[in-house]
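Contents: one structure, followed by commentary.
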Amino acid sequence: MRGANAALGAAGLAAFLALGEAVPRLGLVKEAYFPPTSRIADALGQEVTEHAFWTALGDTLTGWALGLAIAIGAGVVVGLLVSVVPYLREVTASTIEFLRPIPSVALIPLAVLLYGTELRSVLLLVVYASFWQVLVQVLYGVQDVDPVAEETARSYGLGPWARVRHVLWPTALPYVMTGVRLAAAVALILAVTAELVIGAPGLGARIAVAESSQAVPDMYALVVVTGLLGLLINVGARTVERRALAWHQSVRGEVAV
Amino acid sequence: MRRLLAGLAVGSFLVAASACGSSGGGGASDKNASSGGTTTVKVGVIPIVDVAPLYLGQQKGFFSKRGLKLSMTTAQGGAAIVPGVVSGQFQFGFSNMTSLMIAQSQNVPVKAVVNGVASTGVAGKDFGAITVKKGSPIKSAKELEGKKVAVNTLKNINETAVRESVRKAGGDPSKVKFVELAFDQMPAALDGGRIDAAMVVEPALATVKSQGATEIASSLVDVAKDLTVAMYFTSTQYEQKNPDVVKKFQEATAESLAYADAHPDEVRQAVTTYTKIPAATLAQVTLPKWPAEPNRASIEALEKLGEQDGLFKSTPDLDKLLP
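Sequence order for the protein chains is A and B. With our numbering applied, the first sequence covers 1 to 257. With our numbering applied, the second sequence covers 258 to 580.
Pasting the structure below:
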């Protein structure tokens, strides 16, 4: 079953790549703006031999990982605090609803003014975008706690910390993991966007330089790299999620089938 | 879960550590690090041919022999450079004259310190031009009335230049429809007929020409003879606090400009170190001029035209702005 799926997937990808090769060669689109797959592959081969490419990849991953780590940490802590203290929830609810829909990219001018083209600019955007993903999921997760389980824990004399550890956290964890998976993807998008628009060092900035240099195949090659990076991050996040929730029936169920 | 958190923490730490180890000018260097008599200054530049003398001068040691080390940061367009310099993230920046004059007229504390780049002053052989598609019926700038013309930034130097070309050709610049488009997107837009003409600079100009497009005016030449297009600048605050660093930067840059002007082949080589311009395109690129001194008369002409077109809220004070 798995092998067949993989084969189908590979066939689909091959067809897509062949299409990418054929369409410009047949003159359906201009080769100058949409180079065939083989030329993009050549440019990609050239890219990976350059030291500057790996530096840029490292810069992008740094911005992504640091930003994501901060967002997850802050999201979980703030989310738990807000939901455990009822008073805080009332105070923050409308503020969260006001701040959450602000698109992170709208903060680019602010980031430029505060931090210029430094890593901190990227972090500001990445953290802002991915923080809400985690926070909101934590809030949903805590709301989902079974009141009977909570009361049972109370009557068995579990303290607040033990209740968080044994009742609240296991209920909220699947939600948190969903938030983390969404945040991981959003963080990459924002990291590359910040580099592309602001010019902070990284793959995005390299794409922009290739674009302004009229080096079209190089530009597509770098875009492909960011796509692959997104794919890897998604696969990684799913693996982490499956591991962390191995005890949960949603995952156990999946494995049994 | 504890294992997961630990894993995440270790993972992100490793990535951060490995990236820090390999990134050269990525942002690890701090603002004013001086070690062994060397002052590191951050310069905000745009990854285009115009700033090649700085890279070349750095290679040739014109900066290090004066105790300066440049840390070049490439920003996309000038939008990030002026705020970067004013807020002190960069000590110096590269910007076109109209942007600097607009900033000065709004009391943004900027101070031009040394020449950046100038037009070649030769019509038909400049690094920027108004171009039309191969076979276009438009033959002169006058015919741009009622047509769509792309410039990289509205209400800035290139719009002023196009307006002047139209005016000089006997047309009415207020009838031109300007659209904003990045230089690198102009070749495709021109080719696809989405715009009637484009004010392009190198290397997009070389690309456009290779598609058979024709030049109808050298707008930067039309503004003034030997127009000073852009300069390196600092903040007035930095200039007052560090007059000796500014002086060294001026001298070293002037030497670099003169060297670049005399060694075009080395310039083309230097360009490959910070852009990805393909070799075939680079060979076709028309290099700008790099005189050591700004041409004040040309800047005054640019200011008059900008004022006529309503770019400035108040008249920029050139005595305060220029070195």
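Heads up, the beta-carbon is just placed ideally off N, CA and C, and yes, glycines get one too. Predicted model, so just to flag it, every value in this text is computed and none were measured.
Please name the residue, chosen from the options, that lies closest to residue i on a Cα-to-Cα basis.
{"i": "Leu568 of chain B", "options": "B:Lys299, B:Ile452, B:Asn413, B:Ala540", "result": "B:Asn413"}
{"i": "Asn499 of chain B", "options": "B:Ala337, B:Lys368, B:Asp307, B:Leu311", "result": "B:Lys368"}
{"i": "Thr538 of chain B", "options": "B:Thr410, B:Glu437, B:Thr471, B:Arg525", "result": "B:Arg525"}
{"i": "Lys391 of chain B", "options": "B:Pro430, B:Asp518, B:Phe490, B:Gly449", "result": "B:Gly449"}
{"i": "Ser344 of chain B", "options": "B:Tyr495, B:Val408, B:Glu508, B:Pro548", "result": "B:Tyr495"}
{"i": "Val339 of chain B", "options": "B:Thr331, B:Gly350, B:Thr330", "result": "B:Gly350"}
{"i": "Val164 of chain A", "options": "A:Gln143, A:Thr178, A:Ala184, A:Leu182", "result": "A:Gln143"}
{"i": "Ser330 of chain B", "options": "B:Lys322, B:Thr297, B:Gly318, B:Gln361", "result": "Here residue 330 of chain B is Thr; the residue named in the question, Ser, does not match the sequence. Checking every option, the nearest Cα to that of Thr330 of chain B belongs to B:Thr297."}
{"i": "Ala445 of chain B", "options": "A:Phe16, A:Val29, A:His248", "result": "A:Val29"}
{"i": "Ile40 of chain A", "options": "A:Pro201, A:Pro217, A:Leu158, A:Ala244", "result": "A:Pro217"}
{"i": "Ala56 of chain A", "options": "A:Pro109, A:Val235, A:Val192", "result": "A:Val192"}
{"i": "Thr464 of chain B", "options": "B:Asn364, B:Thr417, B:Ala536", "result": "B:Ala536"}
{"i": "Thr62 of chain A", "options": "A:His248, A:Val223, A:Ala187, A:Ile207", "result": "A:Ala187"}
{"i": "Phe34 of chain A", "options": "A:Val235, A:Val148, A:Ser250, A:Val223", "result": "A:Val223"}
{"i": "Arg89 of chain A", "options": "A:Val138, A:Glu50, A:Leu231", "result": "A:Val138"}
So which residues on chain B does residue i lean against when the C-beta distance must stay under 8 Å?
{"i": "Tyr33 of chain A", "result": "Ala445"}
{"i": "Asp42 of chain A", "result": "Near Asp42 of chain A there are no residues of chain B at all, since even the closest Cβ is about 12 Å away, more than 8 Å."}
Assuming contact is defined by CB atoms lying nearer than 8 Å, are residue i and residue j in contact in what I supplied?
{"i": "Gly199 of chain A", "j": "Leu135 of chain A", "result": "no"}
{"i": "Val112 of chain A", "j": "Gly67 of chain A", "result": "no"}
{"i": "Thr60 of chain A", "j": "Glu195 of chain A", "result": "yes"}
{"i": "Leu575 of chain B", "j": "Glu421 of chain B", "result": "no"}
{"i": "Gly402 of chain B", "j": "Lys432 of chain B", "result": "In the sequence on display, residue 402 of chain B carries Glu and not Gly. A contact, by the Cβ cut-off of 8 Å."}
{"i": "Pro304 of chain B", "j": "Thr532 of chain B", "result": "yes"}
{"i": "Gln346 of chain B", "j": "Glu241 of chain A", "result": "no"}
{"i": "Leu357 of chain B", "j": "Met488 of chain B", "result": "yes"}
{"i": "Gln133 of chain A", "j": "Leu203 of chain A", "result": "no"}
{"i": "Asp441 of chain B", "j": "Ala461 of chain B", "result": "yes"}
{"i": "Leu447 of chain B", "j": "Ala474 of chain B", "result": "no"}
{"i": "Leu311 of chain B", "j": "Ser492 of chain B", "result": "no"}
Assign residue i to one of two classes, buried (16 or more other C-beta atoms within 10 Å of its C-beta) or exposed (fewer than that).
{"i": "Gly278 of chain B", "result": "Residue placement at Gly278 of chain B is flagged as unreliable, the pLDDT there being 36, under the threshold of 50; a coordinate-derived value is accordingly withheld."}
{"i": "Glu437 of chain B", "result": "exposed"}
{"i": "Ser571 of chain B", "result": "exposed"}
{"i": "Val423 of chain B", "result": "buried"}
{"i": "Lys299 of chain B", "result": "buried"}
{"i": "Gln348 of chain B", "result": "buried"}
{"i": "Leu13 of chain A", "result": "exposed"}
{"i": "Ala237 of chain A", "result": "buried"}
{"i": "Phe98 of chain A", "result": "exposed"}
{"i": "Gln565 of chain B", "result": "exposed"}
{"i": "Leu125 of chain A", "result": "buried"}
{"i": "Lys288 of chain B", "result": "Only weak support exists for where Lys288 of chain B lies, its pLDDT of 42 falling under 50; the value from the coordinates is given anyway. Lys288 of chain B is exposed by the Cβ-count criterion."}
{"i": "Asp411 of chain B", "result": "Note that residue 411 of chain B is Leu in the sequence shown, not Asp. With fewer than 16 Cβ atoms within 10 Å of its Cβ, Leu411 of chain B is classed as exposed."}
{"i": "Leu190 of chain A", "result": "buried"}
{"i": "Phe16 of chain A", "result": "exposed"}
{"i": "Gly159 of chain A", "result": "exposed"}
{"i": "Ser291 of chain B", "result": "Reliability of the predicted coordinates at Ser291 of chain B is poor, the pLDDT of 48 falling under 50, and no value is obtained from them."}
{"i": "Glu151 of chain A", "result": "exposed"}
{"i": "Leu559 of chain B", "result": "buried"}
{"i": "Trp261 of chain A", "result": "Chain A is shown from 1 up to 257; residue 261 of chain A falls before or after that span and cannot be answered."}
{"i": "Ser155 of chain A", "result": "exposed"}
{"i": "Glu416 of chain B", "result": "buried"}
{"i": "Thr530 of chain B", "result": "exposed"}
Just list the residues that DSSP pairs residue i with in beta bridges.
{"i": "Ile387 of chain B", "result": "B:Met456, B:Ala474"}
{"i": "Val406 of chain B", "result": "B:Phe435, B:Ala454"}
{"i": "Leu327 of chain B", "result": "B:Val298"}
{"i": "Ser614 of chain B", "result": "The requested residue 614 of chain B does not occur in the structure, where chain B is confined to residues 258 to 580."}
{"i": "Lys546 of chain B", "result": "B:Ala375"}
{"i": "Ser321 of chain B", "result": "Its beta-bridge partners do not exist; DSSP assigns none."}
{"i": "Ser352 of chain B", "result": "B:Met488"}
So which residues on chain A does residue i lean against when the C-beta distance must stay under 9 Å?
{"i": "Ala461 of chain B", "result": "Ser212, Gln214"}
{"i": "Asp307 of chain B", "result": "The contacting residues do not exist; Asp307 of chain B stays about 12 Å from chain A at best."}
{"i": "Thr532 of chain B", "result": "Val209, Ala210, Ser212, Ser213, Ala215"}
{"i": "Thr538 of chain B", "result": "Ser213, Gln214, Ala215"}
{"i": "Thr464 of chain B", "result": "Ala32, Gln214"}
Mind pulling the chain B residues with CB within less than 9 Å of residue i?
{"i": "Val224 of chain A", "result": "Within 9 Å Cβ-Cβ: nothing; Val224 of chain A doesn't reach chain B, min ~15 Å."}
{"i": "Asp218 of chain A", "result": "Lys533, Pro535"}
In chain A, which residues lie with their C-beta within 8 Å of the C-beta of residue i?
{"i": "Gly385 of chain B", "result": "Correct list: empty, because the minimum Cβ distance to chain A is about 15 Å."}
{"i": "Pro535 of chain B", "result": "Ser213, Gln214, Ala215"}
{"i": "Phe440 of chain B", "result": "Ser212"}
List, in chain order, every chain B residue whose beta-carbon is nearer than 7 Å to that of residue i.
{"i": "Gly199 of chain A", "result": "Thr331, Ala332, Gln333, Ala337"}
{"i": "Leu113 of chain A", "result": "Pro340, Ser344"}
Identify the contact partners of residue i in chain A, using a Cβ-Cβ distance below 7 Å as the criterion.
{"i": "Pro304 of chain B", "result": "Val209, Ser212"}
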